[in-house]
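In the numbering used here, the protein residues as written are 4 to 556.
Ideal Cβ positions, reconstructed from N, Cα and C, are used throughout, including at glycine.
Keep in mind it's a predicted model, so treat the numbers as computed, not measured.
The structure appears right after this line, and notes come after that.
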Amino acid sequence: MTEYNYTSFAQIYSAGIVATLLIAGLCFFFFLRRPFLINRARGVFVFSLVFYSVYILIFQVLKLYTFKYYSDFAVWLELVSRIIDGHGIISTLHQTSLGFGDTRNYLALHFVPLIYIIALPLYVMKNYSIYLIVLQTVIMVSSIIPIYLFARDTFREKNAGYLFASSFLFFPTIQYINLYDFEFLRMSIPLLLFSFYFLYKRRYRIYYLFLMLALLVREEIGLTTFILGVYIFFIMKEKKHGIMTSGISLFYFLMVTKGLMPYFAGNSSSLHYHVASGNFSYLGNSPSQILLYIISHPIAIVSNLLDKIKIANLLMYVVPLVFLPFFSPSVFFIATGNLLLNFLSASISHYSYILYYLSPSIPFFFLSAIQGAKNVSERYVPLLKGRHILLNRLDDKRVAYALVSCIFIACVVSNIFFGPSPLSIQFWNKNYLLAPYKTHNFHYSQYLPTGHHGKAIQFFPLIPDDATVSAEHFFLPYLYKKKALMQFPIFEGADYVLIDKTHPVKFGTIGVDPIEARKNPQQYYDMVEKDTKNWELVKEEDGIFLFKKRGWN
Numbered sequence: 004m005t006e007y008n009y010t011s012f013a014q015i016y017s018a019g020i021v022a023t024l025l026i027a028g029l030c031f032f033f034f035l036r037r038p039f040l041i042n043r044a045r046g047v048f049v050f051s052l053v054f055y056s057v058y059i060l061i062f063q064v065l066k067l068y069t070f071k072y073y074s075d076f077a078v079w080l081e082l083v084s085r086i087i088d089g090h091g092i093i094s095t096l097h098q099t100s101l102g103f104g105d106t107r108n109y110l111a112l113h114f115v116p117l118i119y120i121i122a123l124p125l126y127v128m129k130n131y132s133i134y135l136i137v138l139q140t141v142i143m144v145s146s147i148i149p150i151y152l153f154a155r156d157t158f159r160e161k162n163a164g165y166l167f168a169s170s171f172l173f174f175p176t177i178q179y180i181n182l183y184d185f186e187f188l189r190m191s192i193p194l195l196l197f198s199f200y201f202l203y204k205r206r207y208r209i210y211y212l213f214l215m216l217a218l219l220v221r222e223e224i225g226l227t228t229f230i231l232g233v234y235i236f237f238i239m240k241e242k243k244h245g246i247m248t249s250g251i252s253l254f255y256f257l258m259v260t261k262g263l264m265p266y267f268a269g270n271s272s273s274l275h276y277h278v279a280s281g282n283f284s285y286l287g288n289s290p291s292q293i294l295l296y297i298i299s300h301p302i303a304i305v306s307n308l309l310d311k312i313k314i315a316n317l318l319m320y321v322v323p324l325v326f327l328p329f330f331s332p333s334v335f336f337i338a339t340g341n342l343l344l345n346f347l348s349a350s351i352s353h354y355s356y357i358l359y360y361l362s363p364s365i366p367f368f369f370l371s372a373i374q375g376a377k378n379v380s381e382r383y384v385p386l387l388k389g390r391h392i393l394l395n396r397l398d399d400k401r402v403a404y405a406l407v408s409c410i411f412i413a414c415v416v417s418n419i420f421f422g423p424s425p426l427s428i429q430f431w432n433k434n435y436l437l438a439p440y441k442t443h444n445f446h447y448s449q450y451l452p453t454g455h456h457g458k459a460i461q462f463f464p465l466i467p468d469d470a471t472v473s474a475e476h477f478f479l480p481y482l483y484k485k486k487a488l489m490q491f492p493i494f495e496g497a498d499y500v501l502i503d504k505t506h507p508v509k510f511g512t513i514g515v516d517p518i519e520a521r522k523n524p525q526q527y528y529d530m531v532e533k534d535t536k537n538w539e540l541v542k543e544e545d546g547i548f549l550f551k552k553r554g555w556n
């Protein structure tokens, strides 16, 4: 990121944050006098649900047909396809192009056993891409059920539940997660929300069911549920269930990371402790060394966490909730394990608010915001009564409802400044940039199919299913049924190579710097295009080229 970019981003984010808090604050005082939003919460909820569902589904399908899905989506399509075909949970793309050449089983990289259940409907469904798109939207939308129930029970008011559910649907990170290709970690959001709600209701059998389902999402969920057990033990005073929750979580986490994942890795030399361990190598070369460093170097850790980019991303999680999660520190505490894990990473992807890595924390952001609003109205407002002329005649319930309304307004306004929806500035203004990445582009023009896209689709049937194909990353999600995939410019051992010289988002893979590739992609195209001894041109149209290995049959 250049200094110019940083200055530009700092101005955009500063203005957006100030505007969000200012508008939300003004609305708070307005709603104290006229609580009309809480009285219309059901209608607001219906609008929010329809708006979210329709726009998210339509835009995901448009992304599919305008080649805005990339390698991550291809990996998941490969995984479910190979499960259905009886070949196991294997991604050839991980082996050929993503640095895990001798790691066959994906469970060695991330332990996601729920994928076998997710894949079951594909025995009868044919369009895997559309299935995953619809599935992930249904999963995300299901989160509003426990949010509604918890808020309704906390405030003893259905309309409070409706507004919090609506706020969730306008929360910028939720929309980014849903629009992102596909991954498993997002499934932890509704499962952890349901877990906490049934815990709150003391319905322990159902609680443990959702707890176990949450653990099966991915290996790191155990860190969050371990802290949940600490919360149950010390805050809820349910010592037996606290010990059981933390015990189950720790046992499962260690069993998976120390036993099952190494087992599935076999003798792989591509893995060192964990797929993400390289992002923490500055802290140590093993989990024990990392933990020791954190304990023995607190000043360095705090300095690391106070990085301006990290602070900005943390603000993007709490500003839409007007900092109310901090007024319920005990519930917010449950998120700290996942927060620290990701904010200590050397990769900005792990703590960026536009990605999914903090999915296990998001449930507790919302739950603590709900409890925080109640705490403010019941504990802090009485301290202000008699000191503030605007509050001395208001009852606690009116303050609580104003806070709930204020959160909804803040989520909508933050969506305007920082979200990807048709309400957002970046959707309409191509020059309004929120991140320095080519793939972070949510301008409406990105969703418009053109004749070029239609021509590209005609190339796919020309590649036999028993061929190994090397293609640029935006083509890979459409080739998952092929024998094996490679991400161009890796093409050694490929039978076909498919490239598009006109696509603006260029490649980056092992040994290929994406910035350099964008500056001069032709140098990589020439490796195939000028090698007429080994490659022959099958078809070329509108800047799209398909090459076949000479002699391949």
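A contact is defined here as three or more CB-CB pairs under 8 Å, and the segment 89-104 meets this definition with respect to the segment 478-497. Taking every protein chain shown into account, the CB of residue 227 has 16 or more other CB atoms within 10 angstroms, so this residue is buried. At a cut-off of 4 residues, the continuous stretches assigned as alpha helix (DSSP H) that sit fully inside the segment 272-306 are 290-299. Exclusion of the five residues before and after residue 476 leaves 73, 74, 490, 510 as the residues of its chain whose Cβ lies within less than 7 Å of its Cβ.
Of the other Cβ atoms in all chains shown, 16 or more fall within 10 Å of the Cβ of residue 144; this residue is therefore buried. By the neighbour-count definition (other C-beta atoms within 10 Å, threshold 16), residue 107 is a buried residue.
Only residues of its own chain outside the window of five on either side were considered, and among them 364, 367 have a CB closer than 6 Å to the CB of residue 338, listed in chain order. The beta carbon of residue 347 sits closer than 8 Å to the beta carbons of 283, 286, 297, 304, 307, 308 from its chain, once the five residues preceding and following it are set aside; these are given in chain order.
Separation of residue 29 and residue 420 (C-alpha to C-alpha, rounded to the nearest whole angstrom) is 17 Å. Within the same chain, Cβ atoms closer than 6 Å to the Cβ of residue 538 are found at 531, 550, the five residues on either side in sequence being excluded. Rounded to the nearest whole angstrom, the CA to CA distance from residue 528 to residue 45 is 56 Å.
Here the alpha carbon of residue 383 sits roughly 27 Å from the alpha carbon of residue 43. Taking each of 263, 249, 225, 220 in turn and checking the Cα distance to residue 234, the smallest one comes out for 249.
Rounded to the nearest angstrom, the Cβ distance from residue 109 to residue 152 is 35 Å, too far for a contact under 8 Å. Separation of residue 374 and residue 157 (C-alpha to C-alpha, rounded to the nearest whole angstrom) is 7 Å. Following the DSSP letters along the chain, one finds residue 407 inside the alpha helix (DSSP H) bounded by residues 399-421. Counting along the chain, the unbroken alpha helix (DSSP H) around residue 137 starts and ends at 131-144. Under the 8 Å Cβ criterion, the segment 157-171 counts as touching the segment 45-58, having at least three qualifying pairs. Residues of the same chain with a CB within less than 6 Å of the CB of residue 194, apart from the 5 flanking positions on each side, are 213, 216, 217 in chain order. Residue 339 carries a helical assignment under DSSP once its states are collapsed to helix, strand and coil. Exclusion of the five residues before and after residue 52 leaves 172 as the residues of its chain whose Cβ lies within less than 7 Å of its Cβ.
The straight-line gap separating the alpha-carbon atoms of residue 548 and residue 501 is approximately 6 Å. Per DSSP, reduced to three states, the secondary structure at residue 538 is strand.
In the same chain as residue 56, and ignoring 5 residues on each side of it, the C-beta atoms closer than 8 Å to its own belong to 140, 144, in chain order. Rounded to the nearest angstrom, the gap between the Cα atoms of residue 452 and residue 77 is 20 Å.
Around the beta carbon of residue 288, a 10 Å sphere encloses fewer than 16 other beta carbons of the protein chains shown; the residue is thus reported as exposed. For residue 489, the enclosing beta strand (DSSP E) begins and ends at 487-490. Segment contact: the segment 120-127 against the segment 16-30, fewer than three CB-CB distances shorter than 8 Å; contact not assigned.
In the DSSP assignment, residue 501 falls outside any alpha helix (DSSP H) and within the unbroken beta strand (DSSP E) covering 499-503. Of the residues assessed, residue 322 falls on the buried side of the cut-off, its CB having 16 or more other CB atoms within 10 angstroms. Contact annotation: residue 455 and residue 505 have beta-carbon atoms nearer than 8 Å. For residue 93, DSSP records a beta bridge to 108.
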